[in-house]
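Protein chains in written order, with this note's numbering: chain A, 101 to 426; chain B, 184 to 511.
Heads up, the thing below is written out as structure tokens.
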């Protein structure tokens with residue numbers, strides 16, 4: 101088994117995808133956007149150099165280049181559109197939400213839109229209010245979009261391959277704070293199907309359902325709590341649409357205690373929806389009230405202690421688990 | 184053009200009888216824009232239309248019966264009742280997606296052109312939109328990209344924003360656009376752009392065939408503004424036909440109420456074309472009347488088909504949210 105950094109697995113996936121399929125174009129108005137502002141961003145230049153006709157740099161026109169990618173997908177290409185900072189997807193909202201998400205349905209199943217939108221969401225440190233959105237909950241309110249939230253090197257590679265192969269518009273929502281985490285990535289690993297949650301850590305006392313970077317933070321919290329004798333099971337849905345609710349409920353039935361950790365704002369966030377579904381399906385299985393660990397309902401402040409004050413921190417996760425198992 | 188005119192007029196009756204839901208938009212007065220322009224296209228070309236799409240679809244060969252069925256929300260509609268008047272798509276005819284969001288199709292058509300160029304198919308995309316679409320930010324963003332990358336796309340702006348039968352009034356500036364004429368906007372992005380009289384089928388055909396040829400030769404996007412005078416039936420919130428059109432109005436407009444008569448006399452593209460055909464000896468008045476009788480019979484049949492088509496089962500609402508896996 102080989103170990104890779106997250107960013108290496110992600111780059112390897114994109115390279116393999118572009119090399120294998122000439123219908124894939126990578127479209128981004130900033131050439132190094134795939135790895136955000138991380139120091140590894142320069143590594144992307146090698147892909148741009150090797151596939152000059154397939155790495156496309158449009159003007160700073162998110163609305164138009166997302167629409168362009170959607171139109172190209174309608175005609176059989178499989179574009180990967182990089183919006184880089186997830187907040188920028190708001191500039192393209194009419195195309196993503198009102199054109200791409202609706203096209204297959206409105207046409208009565210005639211027109212497929214196999215496009216991937218790549219976004220980097222969440223609190224990245226100093227992003228302030230306009231560069232820190234986690235729009236997955238907003239997008240989950242728009243039927244027709246597949247929503248992917250990888251959290252490990254193996255997942256980012258396997259899920260990106262599935263995203264590009266999907267015949268539906270797929271929002272691939274990544275997190276820059278994952279880029280340096282390391283993990284096993286088998287050579288020639290298969291694509292990871294959508295709708296298969298992954299138990300990232302087994303435990304018997306409490307179920308933590310976490311997404312994206314919050315999976316890693318929850319694993320750190322679980323490690324700490326293990327030293328106190330609390331066995332935390334960490335369930336990572338990996339895709340919100342489609343959602344593997346069975347795996348989540350199997351864990352809930354086993355532990356009877358649930359904490360949901362997600363970086364969206366509290367109100368109508370991903371955690372809110374997951375909690376609602378768990379309560380609807382398994383109220384009688386719960387031994388304690390469910391807790392949410394989420395971003396507070398304020399715009400994201402710039403200053404470090406202020407940003408930390410509204411973040412779903414490891415401390416908050418530990419506190420929520422303590423309150424649940426008490 | 185007669186099929187479109189009678190299709191739309193009958194749709195207004197169907198609406199007034201309570202057979203349709205919600206708002207709808209008719210193409211009356213713009214027939215000489217869509218019909219000649221679309222006749223210049225090849226089978227593999229793609230077309231994007233708006234909320235005012237019925238005429239474009241019919242011009243490309245859509246069946247009136249299935250189009251009515253879609254507009255009436257029936258199961259035999261092209262989209263099984265899930266698109267309706269605003270979103271009828273007929274992929275086999277190149278209409279992959281019809282958007283009722285003003286300006287929404289301009290980036291999409293540009294994207295289809297991107298795919299055609301990437302794959303070197305020789306196909307092109309046509310984007311059919313109204314003058315209002317140029318007020319949306321999507322328009323300049325997409326025009327810029329289409330021009331930068333020399334994409335094979337024809338932007339056909341159907342300017343129906345002009346009220347009144349007076350041609351000089353018709354040429355007046357849109358109250359919502361600082362850019363005047365509208366072709367200044369594409370020209371700023373170095374896209375060749377022409378204005379033509381949208382009630383003159385021959386003029387539209389010349390401009391469209393010239394533009395299509397340039398696009399196929401790899402000269403990049405082209406822009407045509409067709410100017411039509413807004414049909415007086417569109418002056419209310421809902422279409423109201425002042426008169427049931429008959430081709431005989433081309434020679435005697437007296438059946439039209441006086442208030443709207445001037446439009447039928449001097450601005451109606453269907454009647455203008457009918458007069459032209461007769462004056463040039465291409466058809467006789469009698470032949471046109473006989474043709475119209477056939478069209479009216481076909482429309483009758485199409486309406487019967489649509490009204491007889493069942494509504495979709497409720498389960499249909501849950502289908503087609505996602506496409507299945509696997510490469511097509």
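Even glycine gets a Cβ: it sits at the ideal position worked out from N, Cα and C.
Setting aside the 5 residues that flank it on each side, residue 325 of chain B is surrounded in the same chain by 289, 290 and 293, each with a C-beta closer than 7 Å to its C-beta; the list follows chain order. Around the C-beta of residue 383 of chain A, fewer than 16 other C-beta atoms lie within 10 Å, and the residue is accordingly described as exposed. The closest CA to that of residue 314 of chain B, considering only B/308, B/306 and B/338, is found on B/338. Of all alpha-carbon atoms in A/214, A/338, A/297 and A/293, the one lying nearest the alpha-carbon of residue 275 of chain A is that of A/338. Going by C-alpha positions, residue 218 of chain A is about 11 Å away from residue 188 of chain A. Listed along chain B are 505, 506, 507, 508, 509, 510 and 511, each with a C-beta nearer than 9 Å to that of residue 267 of chain A.
Using a Cβ-Cβ cut-off of 8 Å, residue 199 of chain A counts as an interface residue toward chain B, since at least one Cβ of chain B sits closer than that to its own.
Using a CB distance cut-off of 8 Å, residue 163 of chain A counts as an interface residue toward chain B. Shortest Cα-Cα distance from residue 317 of chain B to any of B/273, B/366 and B/278 involves B/366. Beta-bridge analysis with DSSP links residue 223 of chain B to no other residue. Apart from sequence neighbours up to five positions away, the residues of its chain that approach residue 227 of chain B with a beta-carbon distance below 6 Å are 306, ordered along the chain. Counting along the chain, residue 340 of chain A sits inside the beta strand (DSSP E) bounded by residues 339-341.
Using a Cβ-Cβ cut-off of 7 Å, residue 128 of chain A is close to nothing in chain B; its nearest Cβ partner there is about 14 Å away.
Identification of chain B residues near residue 172 of chain A by a Cβ-Cβ cut-off of 8 Å yields 294, 295, 297, 298 and 301, ordered along the chain. For residue 359 of chain A, the three-state secondary structure derived from DSSP is strand.
In this structure, residue 308 of chain A and residue 318 of chain A form a Cβ contact; the two beta carbons are roughly 5 Å apart against a cut-off of 8 Å. In the assembly as shown, residue 300 of chain A is a buried residue. Its beta-carbon has 16 or more other beta-carbons within 10 Å. Residue burial is scored here from C-beta neighbours: residue 270 of chain B has at least 16 other C-beta atoms within 10 angstroms and is therefore classed as buried.
For residue 217 of chain A, the enclosing beta strand (DSSP E) stretches over residues 216-220. Close to residue 324 of chain B, with beta-carbon spacing below 7 Å, are these residues of chain A in chain order: 161, 163 and 164. The stretch 327-334 of chain B makes no contact with the stretch 410-428 of chain B; the number of CB pairs closer than 8 Å stays below 3. For residue 260 of chain B and residue 212 of chain B, the gap between their C-alpha atoms comes out near 25 Å.
With a 10 Å radius around the Cβ and a threshold of 16 neighbouring Cβ atoms, residue 237 of chain B comes out buried. Counting of Cβ neighbours within 10 angstroms places residue 107 of chain A among the buried residues, the total reaching 16 or more. Close to chain A, meaning a Cβ-Cβ distance shorter than 9 Å, are the following residues of the stretch 258-269 of chain B: 260, 261, 262, 263, 264, 265, 266, 267 and 269. Separation of residue 459 of chain B and residue 392 of chain B (C-alpha to C-alpha, rounded to the nearest whole angstrom) is 20 Å.
About 13 Å separates the CB atoms of residue 414 of chain A and residue 223 of chain A; that is not less than 8 Å, and the two are not in contact. The beta carbon of residue 175 of chain A falls within 8 Å of a beta carbon belonging to chain B, placing the residue at that interface. For residue 207 of chain A, the nearest CB of chain B lies under 8 Å from its own CB, placing it at the interface with that chain. Chain A places a beta carbon closer than 8 Å to that of residue 327 of chain B, counting this residue as a contact. Among the CB atoms of chain B, one or more fall inside 8 Å of the CB of residue 158 of chain A. Not flagged as an interface residue toward chain A: residue 252 of chain B, since no C-beta distance is shorter than 8 Å. Residue 183 of chain A: member of the beta strand (DSSP E) spanning 180-185, first to last residue. Judged by their CB atoms, residue 170 of chain A and residue 145 of chain A are not nearer to each other than the 8 Å cut-off. Taken through DSSP and simplified to helix, strand or coil, residue 229 of chain B comes out as strand.
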